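First to last, the protein sequences are chains A and B. With my numbering as the guide, the letters of the first sequence map in order to residues 1 to 210. With my numbering as the guide, the letters of the second sequence map in order to residues 1 to 117. Even for Gly, the Cβ is constructed at its ideal location relative to N, Cα and C. From a predicted model like this one, the values you see are computed outputs, not experimental measurements.
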Amino acid sequence: VNVVGEPIPADGVHHAGHSAPEEHGTTGLSNNKMAMWLFLGSECLLFGGLISTYMLYRGRHSGNLGPNQIFDIPFTSVSSFVLLMSSLTMVLGVSAAERKDFRTARIWLILTATLGATFVGGQVYEFTIFYREGLGFTTSLFSSSFYTLTGFHGAHVTVGIIMLLSLTMMLKRDRVSGDRAESVEIIGLYWHFVDIVWIVIFTLVYLIPT
Amino acid sequence: MSTIPEPAGTAMDSGDTSYLIDESHSSTLVSDKRYIVVALILAVITGFEVTLSYIDVGPFFLPTMLTLMAIKFFTVVLYFMHLKFDHKIFTVLFYMGLFLAVGVYVAALMTFHYFGA
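And the structure:
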């Protein structure tokens, strides 16, 4: 404990606003990280509901506007590859942050956000093509459940991009309070989660025919 | 590795609160090279999945696709999200939600006779 009664971190270096004991509760673990894992667990229920609804209604469509007719597998495969690689850049960013190399970490975070934006751009392009082919949101139960599921996922990726860019700016301006490496790790957990949700969507929605 | 609070009679008695600091930056246990290898494996599996969707493998198609999906899912969770190296409580929190979701929605789909259709 230092002269003003604050606890001294284990590494002996006092960072501005470094994790106080109350942020770790009685478990000795980070409350923020625990909250993120709990949130991700609850998100499984959200996406589980959306995926189940799609699976139920994917056969309910009119004419030639069904999944087997309109999906462009090569295009979506490239999008999936892009999102998968964004998980690699994210984990390399987390790794750099934990080595206290925040300059390199910022580069990886920007690259991750760029790959995420590419994925969202691809999704917007895909939605535009489908709409021009006559598949609107209310065209059929298939279209409603498809747009809701993939739209929710796209919204999650967009939120992730905003968080990544905000974190990058805050790291650059030294505005991150608490453990900076842990902040990068927590945003990373969210990012990897949107990747694993897409792994499930890509297989169940796109690759397995009705 | 996570720092678990020490029992009474050690650091807690001495007034040292450093044991409360979470030192679980688990990804330092894995090298960047290993992450790249894992990502390459995931990319190869994805390529295999896409190829498989174009060829007819009969009754093996669905189980193979679901297995490959599960391998990719848990590889990201265990290595990129560090659940393999992190504190067990994070594993419990996440799998609680995941298995609850799987159970609830499989049951919901069964009530609609989805699997028998």
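Excluding its 5 nearest sequence neighbours in each direction, residue 195 of chain A has C-beta neighbours in its own chain below 6 Å: 83 and 87, listed in chain order. The beta carbon of residue 32 of chain B sits closer than 8 Å to some beta carbon of chain A. Its Cα nearest to that of residue 153 of chain A, the residue A/198 stands out among A/79, A/198 and A/102. For residue 65 of chain B, at least one C-beta of chain A is nearer than 8 Å to its own C-beta. A Cβ-Cβ distance of about 5 Å is found for the pair residue 48 of chain A and residue 105 of chain B, placing them in contact under the 8 Å criterion. At a cut-off of 8 Å between C-beta atoms, residue 104 of chain B counts as an interface residue with respect to chain A.
Rounded to whole angstroms, the gap between the alpha carbons of residue 93 of chain B and residue 64 of chain A is 43 Å. Residue 84 of chain B carries a coil assignment under DSSP once its states are collapsed to helix, strand and coil. With the criterion set as a beta carbon lying under 7 Å from some beta carbon of chain B, the members of the stretch 150 to 184 of chain A are 181, in sequence order.
Residue 127 of chain A sits in a helix when the DSSP states are folded into three classes. Assignment of residue 74 of chain A by DSSP, reduced to helix, strand and coil, places it in the helix class. Distance from the CA of residue 113 of chain A to the CA of residue 97 of chain A, rounded to the nearest whole angstrom, comes to 16 Å. By the C-beta density criterion, residue 147 of chain A is buried, having at least 16 other C-beta atoms within 10 angstroms. For residue 37 of chain B, the enclosing alpha helix (DSSP H) covers residues 32 to 52.
With a cutoff of 8 Å on beta-carbon distance, residue 72 of chain B and residue 45 of chain B are scored as near each other. Assigned with DSSP and collapsed to three states, residue 100 of chain A falls in coil, not helix or strand. With a cutoff of 8 Å on beta-carbon distance, residue 56 of chain A and residue 112 of chain B are scored as near each other. Any Cβ of chain A closer than 8 Å to the Cβ of residue 96 of chain B would place that residue at the interface, and such an atom is present. Between the stretch 74 to 82 of chain A and the stretch 137 to 147 of chain A, the count of C-beta pairs closer than 8 Å stays below three; the two stretches do not touch.
Taking a Cβ-Cβ threshold of 7 Å, the residues of chain B close to residue 37 of chain A are 90, 93 and 94, in chain order.
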